[in-house]
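Per the numbering used here: the sequence shown = residues 290 to 527. Cβ coordinates follow ideal geometry from the N, Cα and C atoms, glycine included. Keep in mind it's a predicted model, so treat the numbers as computed, not measured. One structure below.
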Amino acid sequence: MIEKGGMLYEGKAKKIFLTEKEDEVIQYFKDDATAFNAEKRGTIHEKGVVNNKISTRLFQELADSGIPSHFIQQINDREMLARRVQIILVEVVVRNRATGSIITRLGLEEGMLIAPPLVEFFYKDDSLGDPLITEDHIRLLKLATPSQVTELRNQALKINEVLLPFFLKRGMMLVDFKLEFGLWNGQIILADEISPDTCRFWDVQTGERMDKDRFRKDLGRIEETYQEVLKRVCTPLN
Ligand code: UDP
Numbered sequence: 290m291i292e293k294g295g296m297l298y299e300g301k302a303k304k305i306f307l308t309e310k311e312d313e314v315i316q317y318f319k320d321d322a323t324a325f326n327a328e329k330r331g332t333i334h335e336k337g338v339v340n341n342k343i344s345t346r347l348f349q350e351l352a353d354s355g356i357p358s359h360f361i362q363q364i365n366d367r368e369m370l371a372r373r374v375q376i377i378l379v380e381v382v383v384r385n386r387a388t389g390s391i392i393t394r395l396g397l398e399e400g401m402l403i404a405p406p407l408v409e410f411f412y413k414d415d416s417l418g419d420p421l422i423t424e425d426h427i428r429l430l431k432l433a434t435p436s437q438v439t440e441l442r443n444q445a446l447k448i449n450e451v452l453l454p455f456f457l458k459r460g461m462m463l464v465d466f467k468l469e470f471g472l473w474n475g476q477i478i479l480a481d482e483i484s485p486d487t488c489r490f491w492d493v494q495t496g497e498r499m500d501k502d503r504f505r506k507d508l509g510r511i512e513e514t515y516q517e518v519l520k521r522v523c524t525p526l527n
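Pasting the structure below:
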């Protein structure tokens, strides 16, 4: 039995709790959903359960491929045990196809193949609206050292190489995703979550959106879609 201590932090989609062990925390997944820098708010029934299970499966898959993360074990439907890290305030986005903010920023055509994949950095600061930043901005703001930025990029691309075929086998195109990393014992490790909240998936057959874009754009069938992603990710392949 893992003893839950006081709440360390509450974000938009998760809460972090202390445990008896100084270097371990409990990550609790909420049903709350936000978009457009929290201008749009709502709840997605059972999203916390779905995202906890999907993140668990993906962190396990990455660990099997030699990519460490903060994940230790799933505790229950909504909670996972994780290493306590110091979050690096840089959101790392990987893109395999053009959609979302890169379309308006660069005028690309929706769905354009991006090969090799593109890595972008955003400053994790809600009050500034998470702006796109360059490596020089990261250095200026002392968010990470140049060698750490290289490490972030390399790890993000390695994660993409594992996840692209993982999702393709399950009939989903991994269009883009956002990662957060933390410092743990002087090492950079993957943290946060990987879920339909933080990735974009398009159904390979129909092109249907299978992620938070259904909430962002009021496309309907949000809950069913999250459940479908869970089923595809967590059902063993024959
Ligand atoms: N993303 C995220 N959190 C954010 C912003 C983006 O998880 O605060 C994810 C988003 O779900 C997508 C990818 O990062 O998979 C790229 O998002 P984009 O820059 O296109 O921004 P958006 O269109 O979501 O504003």
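In angstroms, rounded to a whole number, what distance separates the CA positions of residue i and residue j?
i: residue 415; j: residue 303; result: 15 angstroms
i: residue 325; j: residue 501; result: 11 angstroms
i: residue 514; j: residue 423; result: 34 angstroms
i: residue 298; j: residue 450; result: 32 angstroms
i: residue 370; j: residue 346; result: 14 angstroms
i: residue 381; j: residue 420; result: 12 angstroms
i: residue 429; j: residue 413; result: 15 angstroms
i: residue 351; j: residue 522; result: 13 angstroms
i: residue 460; j: residue 443; result: 26 angstroms
i: residue 509; j: residue 503; result: 6 angstroms
i: residue 486; j: residue 499; result: 10 angstroms
i: residue 385; j: residue 455; result: 14 angstroms
i: residue 492; j: residue 462; result: 6 angstroms
i: residue 360; j: residue 314; result: 10 angstroms
Which residue comes first and which comes last in the alpha helix (DSSP H) that contains residue i?
i: residue 331; result: Note, residue 331: premise wrong, no alpha helix (DSSP H); beta strand (DSSP E) at 329-332.
i: residue 345; result: 336-353
i: residue 478; result: Unbroken run through residue 478 is the beta strand (DSSP E), 476-480; no alpha helix (DSSP H).
i: residue 445; result: 435-457
i: residue 393; result: 390-395
i: residue 374; result: Note, residue 374: premise wrong, no alpha helix (DSSP H); not H, not E.
Would you give the residue range spanned by the beta strand (DSSP E) that residue i belongs to?
i: residue 409; result: 402-412
i: residue 463; result: 461-473
i: residue 507; result: Segment: none, residue 507 is in no beta strand (DSSP E) and carries neither H nor E.
i: residue 293; result: No beta strand (DSSP E) holds residue 293; DSSP gives it neither H nor E.
i: residue 305; result: 303-307
For residue i, which of helix, strand or coil comes out of DSSP?
i: residue 427; result: helix
i: residue 493; result: coil
i: residue 524; result: coil
i: residue 358; result: strand
i: residue 321; result: strand
i: residue 519; result: helix
i: residue 513; result: helix
i: residue 432; result: coil
For the region 395-403 against the region 367-381, do three or more pairs of beta-carbon atoms, one drawn from each stretch, fall closer than 8 angstroms, so that the two count as touching? no
For the pair the region 403-421 and the region 515-523, tell me if three or more CB-CB distances fall below 8 angstroms. no
Below 8 angstroms, how does it come out for the region 354-365 and the region 467-478: are there three or more Cβ pairs, yes or no? yes
With contact counted as at least three CB pairs below 8 angstroms, one residue from each stretch, are the region 466-475 and the region 435-449 in contact? Judged by Cβ distances under 8 angstroms, the region 466-475 makes contact with the region 435-449, as three or more pairs qualify.
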